[in-house]
Amino acid sequence: MRSNRTHPWELVWREEGWAETSPPLPVVVNFAEDLKREGAKKVLDLGCGAGRHSILLGKTGFQVVVLDVSETALKTLEGRLKSASIDNITLVKHEMRELPIVDNYFDGVVCTNVFHHGKLIEIKKAVGEVHRVMRRGSSACVVALSAADFRKGNGKMPGAQHLRFY
Amino acid sequence: MKRRLMDILACPIDKHYPLDLHVFEEKDEIVEGLLVCSECGRWYPIMDEIPQLLPDDLREQRDELSWLNKWRENAPPQVLREGKPFNLQLSG
Numbered sequence: 178m179r180s181n182r183t184h185p186w187e188l189v190w191r192e193e194g195w196a197e198t199s200p201p202l203p204v205v206v207n208f209a210e211d212l213k214r215e216g217a218k219k220v221l222d223l224g225c226g227a228g229r230h231s232i233l234l235g236k237t238g239f240q241v242v243v244l245d246v247s248e249t250a251l252k253t254l255e256g257r258l259k260s261a262s263i264d265n266i267t268l269v270k271h272e273m274r275e276l277p278i279v280d281n282y283f284d285g286v287v288c289t290n291v292f293h294h295g296k297l298i299e300i301k302k303a304v305g306e307v308h309r310v311m312r313r314g315s316s317a318c319v320v321a322l323s324a325a326d327f328r329k330g331n332g333k334m335p336g337a338q339h340l341r342f343y
Numbered sequence: 259m260k261r262r263l264m265d266i267l268a269c270p271i272d273k274h275y276p277l278d279l280h281v282f283e284e285k286d287e288i289v290e291g292l293l294v295c296s297e298c299g300r301w302y303p304i305m306d307e308i309p310q311l312l313p314d315d316l317r318e319q320r321d322e323l324s325w326l327n328k329w330r331e332n333a334p335p336q337v338l339r340e341g342k343p344f345n346l347q348l349s350g
């Protein structure tokens, strides 16, 4: 049990003013267009942050479920959704290892810059979980940094063994 | 939390579905409430419209028990006494 220690990602969002609201990655824009063309309806944005891609997916017309471990990130996204009158996105506070979702549900999954923050065993678990909640024949768009990335080892660790900035 | 989310939410630990829903406050969406896994006995809060389904090691015991105590008149007695991963009885 964490005995009330705030999750490091929450600290990053809350105390360091982290707010990734950049425009969507082009690869995700293309992926969303492909999903729409294929008739996808239900899409997961895993590690959604402030909704860099959630809003794109919502505006594309999907029924979107978004997960993030930071409450501050989710509240930021909630405010953005209300401002934009977007009603087809549901928010859940969670992290990537054990998804609280039924099997074989999503037609598509977006997960950008999330997996590389975990240890290898956590990444394997998360990939298995993403696969479990995906419908057979569906697609996922995953963006993660390589262990060969020049930033590996140059980041900081905000108070938790399992959170590593590369 | 939108009620339609109940169609897909499962217990993150044992994947049991469906979860039991107890609503404490509802406006356009469920504002405050409780999700309970009838299989393993874990409970998960819905706080300020957001369901929080974290694994045990990421849960914040003090804050969550304080929240549960606030809603003790509305929550199922079994959750208060025996809910996992922590409950009001164990916390004294």
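As they're listed, the protein sequences go chains L and D.
Going by this note's numbering, the letters in the first sequence line up with residues 178 to 343, in that order.
Going by this note's numbering, the letters in the second sequence line up with residues 259 to 350, in that order.
Ideal placement from N, C-alpha and C gives every residue a C-beta, glycine not left out.
Since the structure is predicted, the reported quantities are computational estimates derived from the model, not experimental observations.
Buried or exposed: where does residue i fall if 16 or more other Cβ atoms within 10 Å of its Cβ makes it buried?
| i | result |
| --- | --- |
| G350/D | Unreliable placement is indicated for G350/D, whose pLDDT of 47 sits below 50; the coordinate value is still reported in the next sentence. So G350/D counts as exposed. |
| G347/D | Here residue 347/D is Gln; the residue named in the question, Gly, does not match the sequence. Q347/D comes out exposed. |
| D222/L | buried |
| I308/D | buried |
| L340/L | Because the pLDDT at L340/L is just 42, under 50, the model does not fix this residue reliably, and the value given afterwards should be weighed accordingly. When all chains shown are included, L340/L counts as buried. |
| P203/L | exposed |
| G228/L | buried |
| P270/D | buried |
| G341/D | buried |
| P151/L | Within the shown structure, residues of chain L are numbered from 178 to 343, placing residue 151/L beyond reach of any answer. |
| E310/D | Correcting the residue identity first, residue 310/D is Gln in this sequence and not Glu. It is buried - the Cβ of Q310/D has at least 16 other Cβ atoms within 10 Å. |
| D211/L | exposed |
| Q338/L | For Q338/L, the predicted model reports a pLDDT of 41, less than 50, meaning its position is unreliable; a value from the coordinates is still stated below. When all chains shown are included, Q338/L counts as exposed. |
| L297/L | exposed |
| S296/D | exposed |
| C318/L | buried |
| G226/L | buried |
| C298/D | exposed |
| S199/L | exposed |
| S324/D | exposed |
| S180/L | Low per-residue confidence applies at S180/L: pLDDT is 49, beneath 50, and the placement is therefore not dependable, though the value from the model is reported in the following sentence. Exposed: under 16 other Cβ atoms inside 10 Å. |
| T289/L | buried |
For residue i, list the residues DSSP reports as bridge partners.
| i | result |
| --- | --- |
| L223/L | L244/L |
| K342/D | R300/D |
| L279/D | L293/D |
| C318/L | V287/L |
| M311/L | F283/L |
| L267/D | I278/L |
In chain B, which residues lie with their C-beta within 9 angstroms of the C-beta of residue i?
| i | result |
| --- | --- |
| V243/L | Among the chains of the structure shown, chain B does not appear; the protein chains present are L and D. |
Can you check the region 282-322 of chain D for any beta strand (DSSP E) of at least 3 residues that lies completely inside it and give the ranges in chain order? 288-294, 301-305
Which runs of the beta strand (DSSP E), 3 residues or longer, sit entirely within the region 238-302 of chain L? The DSSP assignment places complete beta strand (DSSP E) segments of no fewer than 3 residues inside the region 238-302 of chain L at 240-245, 266-270, 283-289, in order along the chain.
The region 276-308 of chain L: which residues have C-beta closer than 7 angstroms to a C-beta of chain D, in chain order? L276, P277, I278, V279, Y282
Below 8 angstroms, can you find three or more Cβ-Cβ pairs linking the region 328-339 of chain D to the region 284-300 of chain D? yes
According to a CB-to-CB cut-off of less than 8 angstroms, which residues of the region 241-274 of chain L neighbour chain D? V242, V246, E248, L251, K252, E255, T267, L268, V269, K270, H271, E272, R274
Count the CB pairs spanning the region 269-284 of chain L and the region 317-329 of chain D that are closer than 8 angstroms, and state whether there are at least three. no
Contacting positions in the region 304-317 of chain D - beta carbon closer than 9 angstroms to chain L: M305, D306, E307, I308, P309, Q310, L311, L312, P313, D314, D315, L316, R317
Decide yes or no for the touch test of the region 249-264 of chain L against the region 286-293 of chain L: beta carbon pairs closer than 8 angstroms, at least 3 of them. Cβ pair count under 8 angstroms is below three, so no.
Residues, ordered as in the chain, of the region 329-346 of chain D that lie near chain L by beta-carbon distance below 9 angstroms: Those residues of the region 329-346 of chain D that come within reach of chain L (Cβ to Cβ, closer than 9 angstroms) are P343, F344.
Report the residues of the region 208-235 of chain L with a CB closer than 8 angstroms to any CB of chain D, ordered along the chain. none
Within 9 angstroms of chain L by C-beta, residues of the region 260-285 of chain D in sequence order: K260, R262, L263, D265, I266, L267, A268, C269, P270, I271, K273, Y275, P276, L277
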